[in-house]
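1 is the number of the first residue of the sequence shown in full-length UniProt numbering; add one for each residue after it.
For reference, the structure discussed in these notes is given below.
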Amino acid sequence: MAAAVRQDLAQLMNSSGSHKDLAGKYRQILEKAIQLSGAEQLEALKAFVEAMVNENVSLVISRQLLTDFCTHLPNLPDSTAKEIYHFTLEKIQPRVISFEEQVASIRQHLASIYEKEEDWRNAAQVLVGIPLETGQKQYNVDYKLETYLKIARLYLEDDDPVQAEAYINRASLLQNESTNEQLQIHYKVCYARVLDYRRKFIEAAQRYNELSYKTIVHESERLEALKHALHCTILASAGQQRSRMLATLFKDERCQQLAAYGILEKMYLDRIIRGNQLQEFAAMLMPHQKATTADGSSILDRAVIEHNLLSASKLYNNITFEELGALLEIPAAKAEKIASQMITEGRMNGFIDQIDGIVHFETSGNHQSIFCLWIYLVWIHIKGIIQYVLLADFTQHSIFRVRPCHGSTRSPANMGQ
């Protein structure tokens, strides 16, 4: 039967007639090929593709028939459709500029098959082949935005946040031009996930938290976004930004429904957190959040060590490296290194005395109090000088000044004499 289809196509290519008549006859051959099964169907469809990309067939007809062809393929078994898609893309490549719309449709369908197979990278790479910016066809903003977001999401699923970030950045240039609320939400979700995967946890937390207030999002998904905001905040580096985010989440009553609320409460109240208190929370984290840092510790371990160090700075004026290491449950040298880094980055106030092996902590409140006391003492000193000068001047010119009587021996009793 495949041979019959090929023969019919050859005869039709050499015949003449109106575009409408020829298109109708090609459509009948396509229907005949679709009705076949197995290897016969595969060969017949390949023959149809070869005919459509042949330059002897009018471009008006071939574009129309390839569009019809693309609507039939999603109904075929995925294995057959995938082979036909690849064959079509290969054959169409020399004339790809003439069939941009059909190529885009084929790539979208092929990517969907790879996505069902959880072959995320191939799905993303197939979509990347759509010439959204460089082709002759002008795609609308929503189509381009949706495609870029899909590519970014697929790269995230493949644990490739670098490529995902490249395509979310392209989407960023378009999202302000789109009025589609659903796409705007998809953009915000994808951008938050990219930040999360790139370990920019505090920025991701802010994005997730923003999503948790969007009424267009279902309530369960808003709570899910809030959960991600909480997890990212806990994993973020200790400092003022994280402290502000902790305060925001702690004041949000919805967080009390979340399993990680206990950790949030301890962090917000500057309590020391022990390693054995983290096991339940660690199990909630996503795989990329369980990665290890350069020194071999997990992201969570590092975040909690920094939190405990910041908490210690509010409990102690100073502490030795050995005592700090014991408090943080890490070696003294590592405790010194982390403290030094936090002080250098401005995330903790203090200084290190390496000779005596002591970390001295300085809270912003102490700085303010000392400064105010210094101003007060300077003012008292200046005030004393002013009063002294004024008193000296007053004594010099006062009409009530007491003048001593020199050489007088007269007494009041002798004044009348």
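Even for Gly, the Cβ is constructed at its ideal location relative to N, Cα and C.
All figures in this text were calculated on a predicted structure; none of them were measured in a lab.
Open item on the list: Nearer than 7 Å: is that true of the beta carbon of residue 344 relative to any heavy atom of the ligand COA?
Closed with: In the structure on display, the ligand COA does not appear, and there are no ligands present to speak of.
Open item on the list: Less than 6 Å between C-beta atoms, sequence neighbours within five positions excluded: which residues of the same chain meet that for residue 153?
Closed with: Numbered from 1 along the sequence shown, position 153 holds the residue referred to as residue 153. So the list reads 190, once near-sequence residues are dropped.
- [ ] Inspect the beta-carbon positions of residue 234 and residue 263 and report whether they are closer than 8 Å.
- [x] Along the sequence shown, one-based indexing puts residue 234 at 234. Along the sequence shown, one-based indexing puts residue 263 at 263. Yes; because the gap between Cβ atoms is below 8 Å, this pair is in contact.
- [ ] Taking only runs that begin and end inside the segment 228-272, name each unbroken alpha helix (DSSP H) of 4 or more residues, in chain order.
- [x] 240-250 and 261-268
TODO: From the DSSP output, in three-state form, read off residue 359 for me.
DONE: Looking up residue 359 in the sequence shown gives position 359. Here residue 359 sits in strand by DSSP.
Task: Sufficient close CB pairs (3 or more, under 8 Å) joining the segment 198-216 to the segment 169-180 - done: no
Task: Assigned secondary structure, residue 10 (DSSP; H/G/I helix, E/B strand, else coil) - done: The sequence position of residue 10 within the sequence shown is 10, counting from 1. It is helical.
- [ ] With a 10 Å radius around its C-beta and 16 neighbouring C-beta atoms as the bar for buried, classify residue 317 as buried or exposed.
- [x] Here residue 317 refers to the residue found at position 317 of the sequence shown. In summary, residue 317 is exposed, with fewer than 16 beta-carbon neighbours lying within 10 Å of its beta-carbon over all protein chains present.
- [ ] Taking residue 318 as part of the beta strand (DSSP E), name the residues at either end of that continuous run.
- [x] Counting from one through the sequence shown, the residue named residue 318 turns up at place 318. Note, residue 318: beta strand (DSSP E), 318-320.
Open item on the list: Using a Cβ-Cβ cutoff of less than 7 Å, which residues in the same chain neighbour residue 426 once the five nearest sequence positions on both sides are dropped?
Closed with: Beyond the ends of the chain as shown, which are 1 and 417, falls residue 426; an answer cannot be given.
Task: Distance CB(residue 9)-CB(residue 51) smaller than 8 Å - done: Here residue 9 corresponds to residue number 9 of the sequence shown, with the count starting at 1. Here residue 51 corresponds to residue number 51 of the sequence shown, with the count starting at 1. Going by C-beta atoms, residue 9 is nearer than 8 Å to residue 51.
Task: Residue burial classification, residue 365 (beta-carbon count within 10 angstroms, cutoff 16) - done: Indexing the sequence shown from 1 puts residue 365 at position 365. Legend: pLDDT at residue 365 = 47, less than 50; position of this residue unreliable, value from coordinates given subsequently. Exposed is the call here.
Open item on the list: Between which two residues does the alpha helix (DSSP H) holding residue 38 run?
Closed with: Here residue 38 refers to the residue found at position 38 of the sequence shown. It spans 38-52 - the alpha helix (DSSP H) in which residue 38 sits, taken as one unbroken run.
TODO: Taking the CB atoms as reference points, tell me whether residue 6 and residue 39 lie closer together than 8 Å.
DONE: Residue 6 sits at position 6 when you count from the first residue of the sequence shown. Residue 39 sits at position 39 when you count from the first residue of the sequence shown. Not in contact: residue 6 and residue 39 (Cβ atoms no closer than 8 Å).
Open item on the list: Short of 7 Å in beta carbon distance, which residues of its chain neighbour residue 432, apart from the five on each side in sequence? Order them along the chain.
Closed with: The structure shown does not extend to residue 432, since the chain is modelled only from 1 through 417, so no value can be given for it.
Open item on the list: Taking contact to mean 3 or more Cβ pairs, one atom from each stretch, closer than 8 Å, check whether the segment 102-112 and the segment 64-74 are in contact.
Closed with: yes
- [ ] Starting from the C-beta of residue 293, find all residues in its chain whose C-beta is less than 7 Å away, skip the five residues before and the five after it, and write them out in chain order.
- [x] Within the sequence shown, the letter at position 293 stands for residue 293. So the list reads 299 and 302, once near-sequence residues are dropped.
Task: For residue 298, the residue or residues it bridges with in DSSP - done: As a first step, residue 298 is located in the sequence shown; it is residue number 298 there, counting from the start. For residue 298, which the question treats as bridged, DSSP gives the partners 292.
Open item on the list: My output table needs one value for residue 34: the three-state DSSP class, helix, strand or coil.
Closed with: Stepping through the sequence shown from its first residue, residue 34 is reached at position 34. Correct three-state label for residue 34: helix.
Open item on the list: Please tell me whether residue 36 and residue 2 are closer than 8 Å, where the distance is taken between their beta carbons.
Closed with: Counting from 1 along the sequence shown, the entry for residue 36 is found at position 36. Counting from 1 along the sequence shown, the entry for residue 2 is found at position 2. Yes, Cβ-Cβ distance for residue 36 and residue 2 is below 8 Å.
Task: Residues that residue 352 bridges to, as DSSP identifies them - done: For this step, residue 352 is matched to residue 352 along the sequence shown. Paired residue(s): 359.
Task: For residue 311 and residue 138, the rounded distance between their alpha carbons - done: Counting from one through the sequence shown, the residue named residue 138 turns up at place 138. Counting from one through the sequence shown, the residue named residue 311 turns up at place 311. Going from the Cα of residue 138 to the Cα of residue 311 covers about 57 Å.
- [ ] Would you mind sorting residue 367 into buried or exposed? The rule is 16 or more other CB atoms within 10 Å of its CB.
- [x] Position 367 of the sequence shown, counting from 1, holds the residue named residue 367. Because residue 367 sits at a pLDDT of 48, beneath the cut-off of 50, its placement in the model cannot be relied upon, and the following sentence gives the value as read from the coordinates. By the neighbour-count rule (16 or more Cβ atoms within 10 Å), residue 367 is not buried but exposed.
TODO: Assess, as a yes-or-no matter, whether the segment 125-136 is touched by the segment 84-102 under the definition of 3 or more beta carbon pairs within less than 8 Å.
DONE: yes
Task: Best match in 98, 352 and 93 for proximity to residue 64 [C-alpha to C-alpha] - done: The residue you call residue 64 lines up with position 64 of the sequence shown. Looking at the Cα atoms, 98 is the closest of the given residues.
- [ ] Counting only the same chain and skipping the five closest in sequence on each side, list residues whose C-beta sits under 8 Å from that of residue 372.
- [x] Within the sequence shown, residue 372 is the residue found at index 372, counting from 1. Low confidence applies to residue 372: its pLDDT is 49, below 50, so where it sits in the model is not reliable, and the reading given next is rough at best. Cβ neighbours of residue 372 beyond the five flanking positions: none.
Open item on the list: Residues in the same chain with beta-carbon distance under 7 Å from residue 122, minus the five sequence neighbours each way, listed in chain order, please.
Closed with: Along the sequence shown, one-based indexing puts residue 122 at 122. Around residue 122: 114.
Open item on the list: At the level of alpha carbons, what is the spacing between residue 276 and residue 282?
Closed with: Translated into positions along the sequence shown, residue 276 becomes position 276. Translated into positions along the sequence shown, residue 282 becomes position 282. Each residue's Cα considered, the two are about 11 Å apart.
Task: Among 346, 347 and 339, nearest to residue 353 - alpha-carbon criterion - done: As a working mapping, residue 353 is identified with position 353 in the sequence shown. Checked all of 346, 347 and 339; the closest Cα to residue 353 is 339.
Task: Through-space distance from residue 84 to residue 45, alpha-carbon basis - done: Along the sequence shown, read from residue 1 onward, the residue named residue 45 stands at position 45. Along the sequence shown, read from residue 1 onward, the residue named residue 84 stands at position 84. Their Cα atoms are separated by approximately 7 Å.
- [ ] Identify whether residue 147 lies in helix, strand or coil by the three-state DSSP scheme.
- [x] Within the sequence shown, residue 147 is the residue found at index 147, counting from 1. Helix, per DSSP.
- [ ] Identify which residue in 350, 344, 295 and 362 has its Cα closest to the Cα of residue 333.
- [x] For this step, residue 333 is matched to residue 333 along the sequence shown. Comparing Cα-Cα distances from residue 333 to each of 350, 344, 295 and 362, the minimum goes to 295.
TODO: Under 8 Å by Cβ, that's how I've got residue 238 and residue 347 pegged, so tell me the actual separation to the nearest angstrom.
DONE: Taking the first residue of the sequence shown as position 1, residue 238 is located at position 238. Taking the first residue of the sequence shown as position 1, residue 347 is located at position 347. Residue 238 to residue 347, Cβ: 6 Å. Contact.
Task: Nearest residue (CA-CA) to residue 208, options 250, 224 and 243 - done: For the purposes of this step, residue 208 is identified with residue 208 of the sequence shown, where counting begins at 1. Among 250, 224 and 243, the Cα nearest to that of residue 208 belongs to 224.
Open item on the list: Does residue 148 pass the burial test, meaning 16 or more other C-beta atoms within 10 Å, or should it be called exposed?
Closed with: Reading the sequence shown from its first residue, position 148 is the one you call residue 148. Result: buried.
Task: Sub-8 Å separation of residue 243 and residue 229 beta-carbons - done: Along the sequence shown, one-based indexing puts residue 243 at 243. Along the sequence shown, one-based indexing puts residue 229 at 229. Not a contact, by the Cβ cut-off of 8 Å.
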